[in-house]
Amino acid sequence: MMAGIMRHIVSVRGIVIVALLLYLLFLPYYASAFYINVFTRILIWAIAGISLNLILGYGGMISFGHAAYLGVAAYTVLAFAEQGIYLGWVQWPVAIILAGVVSAFIGTLCLRTRGLHFIMITLAFTQMLFFFFRSLDRFRGDDGLRIKKRSEFDFGWFELDLMDRLTFYYLVFAILLVALLFVFRLVNSRFGAVLRGSMSNDVRMQAIGVSTYGYRLTAFVIAGMMCGVAGLLMANMERFVSPAVLSWTVSGDLIFIVVLGGSGRLFGPVFGALVFFLLIEFLGDITIHWQLIMGPFLVLVVLFARTGIDGALNGLDHKLRVRFGRGQSGDEEMSS
Amino acid sequence: MTSPALQSDALLAARKLDVRFGGVVAADQLDIDVYPGEIHAVIGPNGAGKTTMINLLSGQIKPDNGKIVFDGAEISRLSPARRSQRGIARSFQITSIFKEMSALANIAMAVQAQDGHSFRFWRPVGADDKLLGPAQAILEQFGLGERAEILAGNLAHGEQRQLEIAMALATQPRLLLLDEPMAGMGSQDSARMVEILASLKDNYAMLLVEHDMDAVFALADRITVLVYGRAIATGSPAEIRDDKNVRDAYLGEDGAN
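Quick mapping for you: the protein sequence lines, in order, are chains D and Y. For the first sequence, this note's numbering begins at -2 and goes up steadily by one. For the second sequence, this note's numbering begins at 132 and goes up steadily by one.
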């Protein structure tokens, strides 16, 4: 067990991951306020990406409507704020539960379809929600509304001040780590085995006596609730919510983050979100037509790096191990 | 041909199954029985409806008419998963395994399927001896013990076919539905598969669809000949070999096949 863990860490991929986590941990020591905000935003997107990865990468459910749960949770926070309720203990659980309820409803219907139909019907539901929120005059439709202050957590003996940039950053970072641990345990559990099995070969799953619908739906709802966490963090981060949060392009970006980082790979969405947004930052500095470069880049990744960044690092390690005589015969773990 | 009455000692009995795909009749008043401890082989020319029959019995296809009784209970409308839970396991003509998982993980999945619901979210399956122990034992029974950690998709063709049967056994079935287990195999692998199936005969009833006549005549206790979705003859291997209708319809006029 320990040897296995050591083998994972002493590898290019392991070193990159540890270095990345350390970099994020000590970020405030070298990053300006502006970049702390940039990274907070990126980590929130990474959490959303991790939630999508659970169903897309491990369950083969290509949801093109994952922004719905960002939106539901973000609007829940906004709705409470409009009522003058900023208590985190109220806002957060309700936001997460509502994201779960909406994902249960959408999942129940969509999971009866597969492939392209599933992609289109998840998109359709999210578009419905998009137009629903756009039509709400109460929240100023298209323009969206500002939120006066972030959620309040008062423990009596100690108050968590999310308006403080560093506190909020570390909270998001901690939630990211919890999300990673949670998904890691989940996909390697019996539940995760069924999920991966249904992606690999659903007919075979049925033939060994497992009806996968309930498991896939459960995963879909868990992913929806996790994405709700990202949504409520997003509302807190921007202190502004508009229908743009559940635009179809957001769902598309989330898919791209997962694919870029490596779908079905635990750290994939973290790599994906980092590279995606840093690239936008970087290209945006060079030209306002950054999408002209981003577009072909996405196509190249999909064509030539099908396992994404994490998969490429893993492949590199594999080559190194073969070269230095510690080669294994292609039996890499699927879900680590 | 009138259908024989449903006999209570048959493990599986199907009566008057009809299936049409558009204008094509894939099963036509089809009757089939499998008794405990027997290997019942089904042969027939391409397009005779052999795979359709397996799909009907395992639940991938629902019959337009007719009924299927397994172990005394009607299962005609049950899903494939439910039928598997009742003890009907199957293999597919085109190998159906989890290619991205190790051989051991494939069997462990089948063991897990047999071990109650899988709404268990925290403990890793990779360290679950309740799954890995039996899975490893089954692999060893098939001579695949050394190959446990290899990705199933990287196993040799013959090994993949064996793995699929091993998975079927891991669900602790009472009836095995085997759809051309020797398909695409060389003579050595075929011989190995015949050996494996013969060794399983005491413990499992089998319905065997197979083109390899040597294998069929070596293994089968009874043979049914299927033509255009209809069973034209059922009997012992010797009876089938001598049946004139069978020779005309299938084995070739000179019986040299």
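Beta carbons are placed, not taken as given, at the ideal position from N, Cα and C, and that holds for glycine. The structure presented is a predicted model; accordingly, all values stated were derived computationally and were not measured.
When rounded, the separation of the alpha-carbon atoms in D:Val184 and D:Leu192 is 8 Å. Using a CB distance cut-off of 8 Å, D:Ile205 counts as an interface residue toward chain Y. When the Cα atoms are used, Y:Glu231 and Y:Val325 turn out to be separated by approximately 27 Å. Looking at the DSSP output, Y:Leu306 shares a beta bridge with Y:Ile219 and Y:Ala336.
Here D:Phe264 is buried: its Cβ has 16 or more other Cβ atoms, across all protein chains shown, within 10 Å. Taking 8 Å as the threshold, the shortest C-beta distance from Y:Ile269 to chain D does not fall below it. Under the Cβ criterion of 8 Å, D:Gly46 is not counted among the residues facing chain Y. Interface residue (Cβ-Cβ distance to chain D less than 8 Å): Y:Thr302 is classified as such. For D:Asn185, the neighbours in chain Y by C-beta distance under 7 Å run, in chain order, Pro255, Val256 and Gly257. Contact between Y:Leu275 and Y:Ala234 holds: CB atoms are separated by about 6 Å, below the 8 Å threshold. At a cut-off of 8 Å between beta carbons, D:Gly81 makes no contact with chain Y. For Y:Phe152, there is no enclosing alpha helix (DSSP H); the enclosing beta strand (DSSP E) covers residues Leu143 to Phe152. For Y:Val156, the three-state secondary structure derived from DSSP is strand.
Of all C-beta pairs linking the stretch 127 to 146 of chain D to the stretch 72 to 89 of chain D, three or more are shorter than 8 Å, placing the two stretches in contact.
Around D:Tyr212, the beta-carbon contacts reaching into chain Y at under 8 Å are Ser249 and Phe250. Taking the CA atoms as reference points, D:Gly112 sits about 15 Å from D:Phe217.
Neighbourhood of Y:Met184 in chain D, by CB distance below 7 Å: empty, with the nearest CB roughly 16 Å away. Among the residues facing chain Y, D:Arg182 is included, as its CB has a counterpart in that chain under 8 Å away. In this structure, DSSP gives Y:Leu357 an extended state, which the three-state scheme calls strand. Contacts between Y:Phe229 and chain D, judged by CB atoms closer than 9 Å, involve Arg193, Gly194, Ser197, Asn198, Arg201 and Met202 in chain order. For Y:Met337, no Cβ of chain D is located within less than 8 Å of the residue's own Cβ. When beta bridges are read from the DSSP output, Y:Ile174 appears opposite Y:Val356. Scanning its chain for C-beta atoms nearer than 8 Å, with the 5 sequence neighbours on each side dropped, one finds around Y:Ile327 the residues Phe273, Gln293 and Ile296, in chain order. Of Y:Leu187, Y:Ala266, Y:Arg305 and Y:Thr226, the smallest CA-CA separation from Y:Met240 is found for Y:Ala266.
Residue-level contact by beta carbon holds for D:Ser208 and chain Y, with a gap shorter than 8 Å. Annotated as proximal: Y:Ile163 and Y:Ala145, with beta-carbon spacing under 8 Å. Put simply, the CB of Y:Gln245 is near chain D, with a gap under 8 Å to one of its CB atoms. In chain D, no part has a C-beta under 9 Å from the C-beta of Y:Gln272; the shortest such distance is about 17 Å. Judged by DSSP in its simplified three-state form, D:Phe264 adopts coil rather than helix or strand. Shown in chain order are the members of the stretch 283 to 298 of chain Y whose Cβ falls below 8 Å from a Cβ of chain D: Asn285 and Met298. Excluding the 5 residues flanking it on each side, D:Val255 has same chain C-beta neighbours closer than 7 Å at Gly46, Leu49, Asn50, Leu53, Gly54, Gly265, Pro266 and Gly269, in chain order. Interface flag for D:Phe217 against chain Y is unset, since no Cβ pair is found closer than 8 Å. Contacts with chain Y at 8 Å (Cβ-Cβ) include D:Ala190. Residues of the stretch 177 to 211 of chain Y that bring their beta carbon within less than 9 Å of a beta carbon in chain D comprise Ser189, Gly190, Gln191, Ser210 and Pro211, in sequence order. Taking a C-beta cut-off of 7 Å against chain D, none of the residues of the stretch 312 to 331 of chain Y qualify. The beta carbon of Y:Val358 lies closer than 8 Å to those of Gly175, Pro176, Ala179, Ala380 and Tyr381 in the same chain, with the five residues before and after it left out.
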